[in-house]
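As you go down the protein sequences, you meet chains G and D in turn.
Residue numbering for the first sequence follows this note's numbering, starting at 1 and increasing by one per position.
Residue numbering for the second sequence follows this note's numbering, starting at 1 and increasing by one per position.
These notes are about the structure you will find just below.
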Amino acid sequence: MIEVIRCGALTTIQDLGRHGLRHLGVSQSGALDPIAMQQANLLLGNAHDAAVLEISVGPLVLRFEQDCAIAMSGSSFAASHSTPDAVTETQLLPGHVAIIRSGETLTLSKPLVPGARCYLAFAGGIDVPVVMGSCSTDLNAGFGGLQGRALQAGDRLPTGPAAQRQLETGKGIRPLAPSHILRALQGPDYESFTTDSQILFWSQPWRISHQSNRMGLRLNGTALQLEEPLELPSAGVLPGDVQVPPDGLPIVLSNDAQTIGGYPRIASVINADLWQLAHVPPGTSVYFVPVSLEEAIAARARQERYLRRLNELSQRSVACTSI
Amino acid sequence: MTPNIDSRAALVATPRVSRLAEDTLLFLFTAPGDNTPPLPLQRRLWAVTEELESRREEMGLLEIVPGMGNLLLRLTASDVQRLQAHIDALTASVLNLWSTLATTLSPALITADQTGQTITIPVTYGGEAGPDLQTVSAHTGLSAEAIIARHSAGLYRVFCLGFLPGFAYLGGLDPALAIPRRATPRLSIPAGSVAIGGSQTAVYPSTTPGGWHIIGRTDVTLFDPARQRPALLLPGDTVRFVATGRTA
Chain G
1 MIEVIRCGAL TTIQDLGRHG LRHLGVSQSG ALDPIAMQQA NLLLGNAHDA
51 AVLEISVGPL VLRFEQDCAI AMSGSSFAAS HSTPDAVTET QLLPGHVAII
101 RSGETLTLSK PLVPGARCYL AFAGGIDVPV VMGSCSTDLN AGFGGLQGRA
151 LQAGDRLPTG PAAQRQLETG KGIRPLAPSH ILRALQGPDY ESFTTDSQIL
201 FWSQPWRISH QSNRMGLRLN GTALQLEEPL ELPSAGVLPG DVQVPPDGLP
251 IVLSNDAQTI GGYPRIASVI NADLWQLAHV PPGTSVYFVP VSLEEAIAAR
301 ARQERYLRRL NELSQRSVAC TSI
Chain D
1 MTPNIDSRAA LVATPRVSRL AEDTLLFLFT APGDNTPPLP LQRRLWAVTE
51 ELESRREEMG LLEIVPGMGN LLLRLTASDV QRLQAHIDAL TASVLNLWST
101 LATTLSPALI TADQTGQTIT IPVTYGGEAG PDLQTVSAHT GLSAEAIIAR
151 HSAGLYRVFC LGFLPGFAYL GGLDPALAIP RRATPRLSIP AGSVAIGGSQ
201 TAVYPSTTPG GWHIIGRTDV TLFDPARQRP ALLLPGDTVR FVATGRTA
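Now the structure itself:
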């Protein structure tokens, strides 16, 4: 068991999310950066889709009641673990395995980039019930994870059986660095926007608003305009869709977005770039860059190759002797 | 509704197909600007959906999401190299399926309409359970009793689900009960609230912020992830509200 001593807002348990349930109104949920989540798991020899913690606000303080290997990926936190007498304090290196001993305390104090997401995996994964095919927390519907809510002080996290192997000591997996450039395809309503707005969409930096969350990134900039008012039927939407409500300021839908919407869609962020949505906190900016369908497919194929290589690396990892 | 009227209405629209992400298609079966599909068209959509559901794995479909006169399909894209060929084949199958269902005499279409269940939802109208009943009364010029009578007299069709798990988009609200959404949305609409927003009515499966007018509440659980059938209401179902009392 791992006890939560202190915890910032919106630390949640996530895996790869729920799929194939949108027709029931069930959102995807899941880690906003599935690449970082899988990196952290593979470092520990976990199943690639084991449940991890997604953290964006510190400090997070955990006390371990057993020896446990952990790994941090995504956007880093200043982090360290210390012995019960607080005499020895060891800094935590992102993208590397660390062994936390029973009785030790792990502290993720300050995010390197405030608001960006960090992923913390535990050997064996966080062992919470699978609800509709996933351990992910659905904050809006209130199920999954720990009782469908964010972590609180006093919570206890059970872990599953740890693999008997992990990446060779000293070796790591570098977390990906976001470029803040989101490659996108034209959306179904692209032609309904004025030519000026189409140009503006691709050319101006879009500042991430403080009203952004796991449902979507709200963008600030020069508002976009339609050629004429457009009333659309309610239709299925997906993470990555860029909707433009009547105020003209786009919203990039994210993992917790609802399943059906009715605002005009100017673009869709390609799948291979969706992980970046985890790392563009309020106050930073993003650009949209148009790509062809072929480029979108090629980028996705590259990303899948990368994940396959990581998996192979994890398979080749050495027997774990340190625990 | 007779089969003849059904098939005429169903033949009006020509589908439009849009690409969303590299692995996702949106089929729009209503004409541009037509946002409330006639029941025959939606019925045809349910038949297409049902057929695709039965072939979900064979066709490599990850998501099959019917909307109001439209359908979103997302592929699992297990073989990225063949994604484009897969998308082309899917487009052709769906358009073909849509046109073969052009007549209500199609067995699939008749089945799709008959699979729907009739679900009765007991509602306590007004008072604490329905704090906006008076507002609806003031707007529509109807007494609270008349609103309750009209709302519970209706037979509603579930067109699709979305917004929240188990949230049903219902067709069939008495036009006399329509009321624009609240200028300021409530921070919290309790689970089980029965509400009216614009020309639609709905039951809230879980607590959420929202701008609809709450006229009553039910104790029925609309969505339970642990249940065999997690969503109580499914597309094609018929819903009936029954007044169980009025608290004020």
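For glycine and all other residues, C-beta sits at the position ideal for the given N, C-alpha and C.
If you're wondering where the values come from, they're calculated on a predicted model, not measured in any experiment.
What do you reckon, are the CB atoms on residue i and residue j nearer than 7 Å?
| i | j | result |
| --- | --- | --- |
| P114/G | P175/G | no |
| R229/D | S193/D | no |
| S29/G | D138/G | yes |
| P225/D | M72/G | no |
| R240/D | G211/D | no |
| Q211/G | R218/G | yes |
| G198/D | P233/G | no |
| R156/G | T105/G | no |
| F77/G | G103/G | no |
| L108/G | L43/G | no |
| G148/G | T12/G | no |
| L274/G | G248/G | no |
| D15/G | S203/G | no |
| L53/G | R117/G | no |
| G172/G | H48/G | no |
| A153/G | R302/G | no |
| A272/G | R308/G | no |
| S75/G | G187/G | no |
| P250/G | V242/G | yes |
| A24/G | A231/D | The question names Ala, but residue 24/G in the sequence shown is Leu. Cβ distance < 7 Å, so L24/G and A231/D count as in contact. |
| A324/G | Y119/G | Because chain G in this structure spans residues 1 to 323, residue 324/G falls outside the shown range and cannot be described. |
| I189/D | G130/D | no |
| L10/G | A223/G | no |
| Y263/G | P245/G | yes |
| F27/D | V94/D | yes |
| A278/G | M215/G | no |
| L101/D | L25/D | no |
| W98/D | P40/D | no |
Here's the rule I'm using: 16 or more other beta-carbon atoms within 10 Å means buried, otherwise exposed. How should residue i be labelled?
| i | result |
| --- | --- |
| H81/G | buried |
| V242/D | exposed |
| E227/G | exposed |
| I181/G | exposed |
| L233/D | buried |
| M1/G | exposed |
| D23/D | buried |
| L20/D | buried |
| E128/D | exposed |
| I199/G | exposed |
| V130/G | exposed |
| V237/G | buried |
| M1/D | Model confidence at M1/D stands at a pLDDT of 35, short of 50, so the residue's coordinates are unreliable; what they give is reported in the following sentence. Exposed. |
| N96/D | exposed |
| G236/D | buried |
| S292/G | exposed |
| A31/D | exposed |
| R18/G | buried |
| S143/D | exposed |
| S78/D | exposed |
| E312/G | exposed |
Hey, would you say the C-beta of residue i is under 6 Å away from at least one heavy atom of the ligand SAH?
| i | result |
| --- | --- |
| L249/G | The model depicted lacks the ligand SAH and carries no ligand whatsoever. |
- Message: Would you call the stretch 63-79 of chain D in contact with the stretch 141-161 of chain D, where contact means no fewer than 3 C-beta pairs closer than 8 Å?
- Response: yes
- Task: Report yes or no: do the stretch 202-222 of chain D and the stretch 118-133 of chain G share at least 3 C-beta pairs separated by less than 8 Å?
- Result: no
- Listed from N- to C-terminal order along the chain, which residues in the stretch 291-302 of chain G have their beta-carbon within a distance smaller than 7 Å of any beta-carbon of chain D? L293, A296, I297, R300, A301
- Does the stretch 279-292 of chain G come within contact of the stretch 82-92 of chain D, defined as at least 3 CB pairs closer than 8 Å? no
- Using a Cβ cut-off of 7 Å, which residues of the stretch 8-37 of chain G contact any Cβ in chain D, in chain order? H19, G20, R22, H23, L24, G25, V26
- Message: Please identify, using Cβ separations under 7 Å, the residues of the stretch 109-139 of chain G that lie next to chain D, in order along the chain.
- Response: V131, M132
- Task: Residues of the stretch 11-32 of chain D with a CB closer than 8 Å to any CB of chain G: list them in chain order, please.
- Result: S18, R19, L20, A21, E22, D23, T24, L26, L28, T30
- Near-chain D residues of the stretch 247-276 of chain G - C-beta to any C-beta below 7 Å: Q258, T259, I260, S268, I270, N271
- Using a beta-carbon distance cut-off of less than 8 Å, what residues from the stretch 166-192 of chain G approach chain D? L185, G187, P188
- Against chain D: residues of the stretch 204-237 of chain G by CB proximity under 9 Å: L230, E231, L232, P233, S234, A235, G236, V237
- Task: Would you mind listing the beta strand (DSSP E) stretches within the stretch 202-231 of chain D that are 3+ residues and don't spill past its ends, in chain order?
- Result: Runs found: 208-210, 213-217.
- Task: Can you give me, in chain order, the residues of the stretch 161-194 of chain D that have a beta carbon less than 8 Å from any beta carbon in chain G?
- Result: L161, G162, F163, L164, P165, G166, F167, Y169
- Query: Just checking, does the stretch 144-151 of chain D make contact with the stretch 163-177 of chain D on the three C-beta pairs under 8 Å criterion?
  - Reply: Note that the stretch 144-151 of chain D touches the stretch 163-177 of chain D; at least 3 beta-carbon pairs, one per stretch, sit closer than 8 Å.
- Item | Segments assigned beta strand (DSSP E), at least 3 residues, entirely inside the stretch 60-110 of chain D | 61-66, 70-75
- Item | Length at least 3, wholly inside the stretch 103-140 of chain G: the beta strand (DSSP E) runs in chain order | 105-111, 118-122
- Message: Along the stretch 216-243 of chain D, where does the CB come closer than 7 Å to a CB of chain G? Name the residues.
- Response: P225, P230, A231
- Taking only runs of the beta strand (DSSP E) that begin and end inside the stretch 33-78 of chain G, which ones reach a length of at least 3 residues, in chain order? Complete beta strand (DSSP E) runs here, min 3: 52-55, 60-64, 68-74.
- Task: With 8 Å as the C-beta to C-beta threshold (strictly closer), list the residues of the stretch 67-90 of chain D near chain G in chain order.
- Result: G67, M68, G69, N70, L71, L72, R74, A77, V80, Q81, L83, Q84
- Query: Which runs of the beta strand (DSSP E), 3 residues or longer, sit entirely within the stretch 204-241 of chain G?
  - Reply: Runs found: 206-208, 216-220.
- Message: Taking beta-carbon pairs under 7 Å, can you tell me which members of the stretch 143-154 of chain G lie near chain D?
- Response: F143
- Determine which residues of the stretch 34-58 of chain G have a Cβ less than 8 Å from any Cβ of chain D, and write them out in chain order. Answer in chain order: no residues at all.
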